[in-house]
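Below is one structure; the comments refer to it alone.
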Amino acid sequence: MAVSASFFKHSNFNGYSESFNLSNNWRYWWIKFGSGLRNEITSMRATAYSGFDGNVYGFTRNDFLGQFASLNMGEGWTCWWSNVGGELNDDIESALLINRNKSEFALELKGQISGTFKTELDKALADSQAKRNGEPRVYSVFWPSYDPSKKFVRVEQNLTIELDWWPDYDARIRYDVYLYLNSAGKVQGYVAWAHTWVEGGIFSGDILDELHPKVVAGASDLNGAIQDQLAVFSFFTFSSLYLLPGPQPPMPPPSSNFGRIGNALDDATLVLVS
Amino acid sequence: MTKPTRDEIEKLNPVERVELELKLAAEYGRSPRRMISLDPQGSAQRSTPAQFSPGSTLLPTAAESRKNDLDVRRIFTEPSAIPDAFKPVLFRGTTQSLFESISSHLEQITPDNRFQMLELISEQLLALQLQSGEKDIEAIQTLQEHIAQSVLGIDKFKDLPRQNGGASAPNE
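Chains as they are written, first to last, in the numbering used here: chain A, 878 to 1151; chain B, 2 to 173.
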């Protein structure tokens, strides 16, 4: 075994519970809680062993997004939340158990991607009615329903569509980037999906018809930027590549790194195993 | 007519909103080409998968996809009686027999074999948890405490000061 975790209905590990042990044959264990523990979890604990470190995340949404309570275990450590507290109490619907190797390189992606993405998007939108609204979000998406075997790094940006006669329409564009290792152990990646959303209104369809083809066309520019970013890894080979939700979690010691409360939308962490 | 604010249009009902937007758009010579939805929560969205020319080097081979993607174990936990046909033969049994088997394994735990024994116990424990009733919860909780003591060497989970959580280092 490598990661063992238990989730409990009440605080201090009381009440109905469900326990899981992730062997080191797997990277992840995906758990979607049924009626026993869905929106009922108050405490959780986990241990990592057998040559692995580990992370456990409990998410407020059933698709491994939303707020999370995480536990971060170096090998041999047991970490716990006796009460996830506040906004997460009785609000956890899904969980991930993740095996972490000893020899890894972890990279938070938001800082790597958002600057270039912003600059290129602003250029592309310069002469249009669409304007960037706020900063891009970069986060991990795990096994979505439209592509259930894959994990993605999502780059998401809110837009406003300016109209002369009506308040701005809100819109949002998303690119799902698939990162993988080829048979030679080199990091590869490409934009696998392009999504566009426009808020409701009588011109939603018209705006979507005009905006979405441009979003799709933008994928090839983003592919070029991805290849440029991945070039930094071109001298190295790896045995495994995986994603973590949110920023890279600090591990104990000290004990204060036992876990944290975070949000899956805050970042995506790419992990490369040598 | 001046452009309304978002606050102003949110006070309108859906029909009023559509009528006003049509009227104002017409003043600019614009009308929607697509059907109009009266659902104020409605939105328009579209998703497009990547398109690549044949022979593109960006796409993984089938073998590369398998290696990268088949790294996840999945479970949806629903605490109802699990039909025998879905239980591994080793772990079929009544709640009582699962309790007895787990307790027996706990008695065999030593510092050297504790994690191997946990592997043996773990599938039985989840099966027990998912098929147990209200009357079994306290007994399972006691089992959990035994497992924490026997396998992890932890008698009490003491939170860090001013935290609702904590950690126990190896061999503590």
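Here a beta-carbon is modelled for each residue, glycine too, at the ideal position from N, C-alpha and C.
Task: DSSP state of B/F158 mapped onto helix, strand, coil - done: coil
Let me check one thing: in DSSP terms, what residues is A/V1150 bridge-paired to? A/E981 and A/S1117
Q) Is it true that the CB of A/L986 sits closer than 8 Å to the CB of A/L1147? A) Yes, Cβ-Cβ distance for A/L1147 and A/L986 is below 8 Å.
Q) Just curious, the alpha helix (DSSP H) that B/A128 is in, first and last residue? A) Unbroken alpha helix (DSSP H) run through B/A128: R115 to Q132.
query: Alpha carbon to alpha carbon, how far is A/Y1055 from A/L1149?
result: 14 Å
| said: I'd like to confirm the pairing. Which residues does DSSP put opposite B/H147 in its beta bridges? | reply: Bridge partners of B/H147: none, in fact.
Exercise. Are any of the Cβ atoms in chain B nearer than 8 Å to that of A/S880?
Worked result: Per the sequence presented here, residue 880 of chain A reads as Val, with Ser not at that position. For A/V880, the answer is no, since every Cβ of chain B falls outside 8 Å of its Cβ.
*Within 10 angstroms of its Cβ, does A/A1003 collect 16 or more other Cβ (buried), or is it exposed?*
exposed
- Item | Per-residue contacts from B/G189 into chain A (C-beta, under 9 Å) | Nothing in the structure corresponds to residue 189 of chain B, since chain B is present only between 2 and 173.
Would the region 1123-1133 of chain A and the region 157-169 of chain B be scored as touching if the rule is three or more Cβ pairs under 8 Å?
yes
- Query: On the three-state DSSP scale, how would you describe A/L1142?
  - Reply: helix
Below 8 Å between beta carbons: does that hold for A/W957 and A/L965? Not a contact, by the Cβ cut-off of 8 Å.
Among A/D1045, A/F1029, A/T1114 and A/K886, the one whose alpha carbon lies nearest that of B/K4:
Nearest C-alpha to B/K4: A/D1045.
Could you give the DSSP three-state label for A/T955: helix, strand or coil? strand
Looking only at its own chain, which residues have a Cβ that is under 8 Å from the Cβ of B/I83, when we skip the five neighbours before and after it? Residue placement at B/I83 is poorly supported in this model, since its pLDDT is 47, which falls under 50; the coordinates still yield a value, given next. A128, L131 and Q132, listed in sequence order.
Any beta-carbon of chain A closer than 8 Å to the one on B/T6?
yes
Between B/Q117 and B/S123, what straight-line distance do the alpha-carbon atoms span, to the nearest angstrom?
10 Å
Cβ closer than 9 Å: which chain B residues qualify as neighbours of A/P1130? A168 and A170
Exercise. To the nearest whole angstrom, what separates the beta carbons of A/D967 and A/T937, a pair I think is in contact under 8 Å?
Worked result: Going by Cβ atoms, the distance from A/D967 to A/T937 rounds to 10 Å, so no, they are not a contact pair.
From the DSSP output, in three-state form, read off A/P1044 for me.
In this structure, A/P1044 counts as coil in the three-state DSSP scheme.
Report task. Within the same chain, show all residues whose beta-carbon is closer than 6 Å to that of B/R31, passing over the 5 residues directly before and after it, in chain order. Result -> none
Whole angstroms are fine: how far does the CA of B/Q145 sit from the CA of A/W907? 22 Å
What residue does the beta strand (DSSP E) around A/A1094 start on, and which one ends it?
It is not in any beta strand (DSSP E) - A/A1094 instead sits in the alpha helix (DSSP H) that spans S1081 to L1107.
Problem set entry | 8 Å Cβ cutoff met for A/R977 and A/N932 | yes
Taking the alpha carbon of B/S1 as the point to measure from, which residue in B/D137, B/P33 and B/T49 has its own alpha carbon closest? Outside the modelled stretch of chain B, which goes from 2 to 173, sits residue 1 of chain B, for which no answer is possible.
Query raised in the report: In three-state terms, what does DSSP make of B/V16?
Result: helix
Exercise. If we ignore side chains and look at the alpha-carbon of each, how far apart do A/G1155 and A/F885 end up?
Worked result: The question about residue 1155 of chain A has no answer here: the residues shown for chain A are numbered 878 through 1151.
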